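Novice: Sharing a structure with you now.
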Amino acid sequence: DTGVSQNPRHKITKRGQNVTFRCDPISEHNRLYWYRQTLGQGPEFLTYFQNEAQLEKSRLLSDRFSAERPKGSFSTLEIQRTEQGDSAMYLCASSSTGLAYEQYFGPGTRLTVT
Amino acid sequence: AQSVTQPDIHITVSEGASLELRCNYSYGATPYLFWYVQSPGQGLQLLLKYFSGDTLVQGIKGFEAEFKRSQSSFNLRKPSVHWSDAAEYFCAVGSNDYKLSFGAGTTVTVRA
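Quick mapping for you: the protein sequence lines, in order, are chains H and R. 1 is the number of the first residue of the first sequence in this note's numbering; add one for each residue after it. 115 is the number of the first residue of the second sequence in this note's numbering; add one for each residue after it.
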């Protein structure tokens, strides 16, 4: 399978704990995006990378959130001091530069903060 | 800033009947428009896209959508629905910096 993969698929954590999610994009894609989807809503843009450079961060991405893509391949999204409001599905997508609008999504990581 | 409205939260349709999902967008420039489908436990799958040219675009799984600039709409249609089309459908608009802004989605239920 050469699609976008995300791990873990589900994460349950207690409030105040730190969590980290991983996204592996399609191998030839140099753009990588993170979105967040809450119940009953469409995905909301969080941040995106062109290779290893993080080019934009949404105002939704508070200081507790950090994303990296150290070698321009996989990416991690870390949430520090989780809050119940962080409970959501975190989606990763990737695209090539030439077809930047054709974003391929992974299955997501569902985070539940108790 | 761009935005998308999907007026219908939930639609129920009989198998074999036609389906139309509404999407209205707000964007100052020429929009790039998309429809995605999300099945339970699955990621978002791109059904079709509109960038320019012919305003009627064909997608996968027998879906089509029509761009109407005068109405700021990009409605999705399928002539004959199959039970496997039960899912959540999202309309999205792309901005110049390649971010996608999604609507809240329409859940489609297919009854036998």
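We treat Cβ as the ideally placed atom computed from N, Cα and C, and that holds for glycine. Bear in mind that the values here come from a model prediction, so they are computed numbers and not experimental data.
#1: Around the Cβ of residue 75 (chain H), are there at least 16 other Cβ atoms within 10 angstroms (buried) or fewer (exposed)?
#2: Would residue 77 (chain H) and residue 58 (chain H) be called neighbours here (beta carbons separated by less than 7 Å)?
#3: Between the segment 197–208 of chain R and the segment 129–145 of chain R, can you find at least three pairs of beta-carbon atoms closer than 8 Å?
#4: Thinking residue 52 (chain H) and residue 71 (chain H) are a contact (beta carbons under 8 Å), I'd like their distance in whole angstroms, please.
#5: Give the interface partners of residue 68 (chain H) over in chain R, defined as CB-CB distance under 8 Å, in chain order.
#6: Let me check one thing: in DSSP terms, what residues is residue 6 (chain H) bridge-paired to?
#7: For the candidate residues H:89, H:100, H:94, H:106, whose alpha-carbon lies nearest to that of residue 10 (chain H)?
#8: Would residue 173 (chain R) pass as an interface residue toward chain H - the criterion being a Cβ-Cβ separation below 7 Å?
#9: What do you reckon, are the CB atoms on residue 120 (chain R) and residue 223 (chain R) nearer than 7 Å?
#10: Of the choices H:41, H:22, H:30, H:12, whose alpha-carbon is the least far from that of residue 97 (chain H)?
#11: Is residue 85 (chain H) helix, strand or coil when you go by DSSP?
#12: Once DSSP output is grouped into helix, strand and coil, what is the label at residue 103 (chain H)?
#13: Can you give the Cα-Cα distance for residue 34 (chain H) and residue 137 (chain R), rounded to whole angstroms?
#14: How would you write the range of the beta strand (DSSP E) that residue 138 (chain R) sits in, first residue to last?
#15: Suppose contacts are defined by Cβ-Cβ distances below 7 Å. Is residue 15 (chain H) in contact with residue 113 (chain H) by that definition?
#16: Kindly indicate which residue of R:213, R:149, R:186 has the alpha-carbon position closest to the one of residue 201 (chain R).
#17: Starting from residue 211 (chain R), find everything on chain H with Cβ-Cβ shorter than 7 Å and list it in chain order.
Specialist: Put simply:
#1: Taking the first sequence and counting its residues from 1, the one referred to as residue 75 (chain H) is at position 75. Here residue 75 (chain H) is buried, its C-beta having at least 16 other C-beta atoms within 10 Å.
#2: The residue labelled residue 77 (chain H) in the question sits at position 77 within the first sequence. The residue labelled residue 58 (chain H) in the question sits at position 58 within the first sequence. Taking 7 Å as the Cβ cut-off, residue 77 (chain H) and residue 58 (chain H) do not qualify as a contacting pair.
#3: Judged by Cβ distances under 8 Å, the segment 129–145 of chain R makes contact with the segment 197–208 of chain R, as three or more pairs qualify.
#4: Residue 52 (chain H) sits at position 52 when you count from the first residue of the first sequence. Residue 71 (chain H) sits at position 71 when you count from the first residue of the first sequence. The pair is a contact, with the Cβ atoms about 6 Å apart (cut-off 8 Å).
#5: Stepping through the first sequence from its first residue, residue 68 (chain H) is reached at position 68. Among the residues of chain R, none has a CB under 8 Å from the CB of residue 68 (chain H); the nearest is roughly 19 Å distant.
#6: The sequence position of residue 6 (chain H) within the first sequence is 6, counting from 1. DSSP lists H:23 as the beta-bridge partner residues of residue 6 (chain H).
#7: If you number the first sequence from 1, residue 10 (chain H) lands on position 10. Closest in C-alpha terms to residue 10 (chain H), from the list H:89, H:100, H:94, H:106, comes H:89.
#8: As a working note, residue 173 (chain R) is residue 59 in the second sequence. For residue 173 (chain R), not one C-beta of chain H is nearer than 7 Å to its own C-beta.
#9: Along the second sequence, one-based indexing puts residue 120 (chain R) at 6. Along the second sequence, one-based indexing puts residue 223 (chain R) at 109. Not a contact, by the Cβ cut-off of 7 Å.
#10: In the first sequence, the residue the question calls residue 97 (chain H) occupies position 97. Answer by Cα proximity: H:30.
#11: Working through the first sequence from its first residue, we reach residue 85 (chain H) at position 85. Look at residue 85 (chain H) here: in three-state DSSP terms it is helix.
#12: Position 103 of the first sequence, counting from 1, holds the residue named residue 103 (chain H). Per DSSP, reduced to three states, the secondary structure at residue 103 (chain H) is coil, with no helix or strand assignment.
#13: Start at 1 with the first residue of the first sequence, and residue 34 (chain H) comes out as number 34. Start at 1 with the first residue of the second sequence, and residue 137 (chain R) comes out as number 23. Those two C-alpha atoms are separated by around 23 Å.
#14: Mapped onto the second sequence, residue 138 (chain R) falls at position 24. It spans 138–140 - the beta strand (DSSP E) in which residue 138 (chain R) sits, taken as one unbroken run.
#15: Sequence index remark: in the first sequence, residue 15 (chain H) carries index 15 (1-based). Sequence index remark: in the first sequence, residue 113 (chain H) carries index 113 (1-based). It is a contact, given that the beta carbons lie within the stated cut-off.
#16: For the purposes of this step, residue 201 (chain R) is taken as residue 87 along the second sequence, with counting starting at 1. Per the Cα distances, R:149.
#17: For the purposes of this step, residue 211 (chain R) is identified with residue 97 of the second sequence, where counting begins at 1. For residue 211 (chain R), the neighbours in chain H by C-beta distance under 7 Å run, in chain order, 56.
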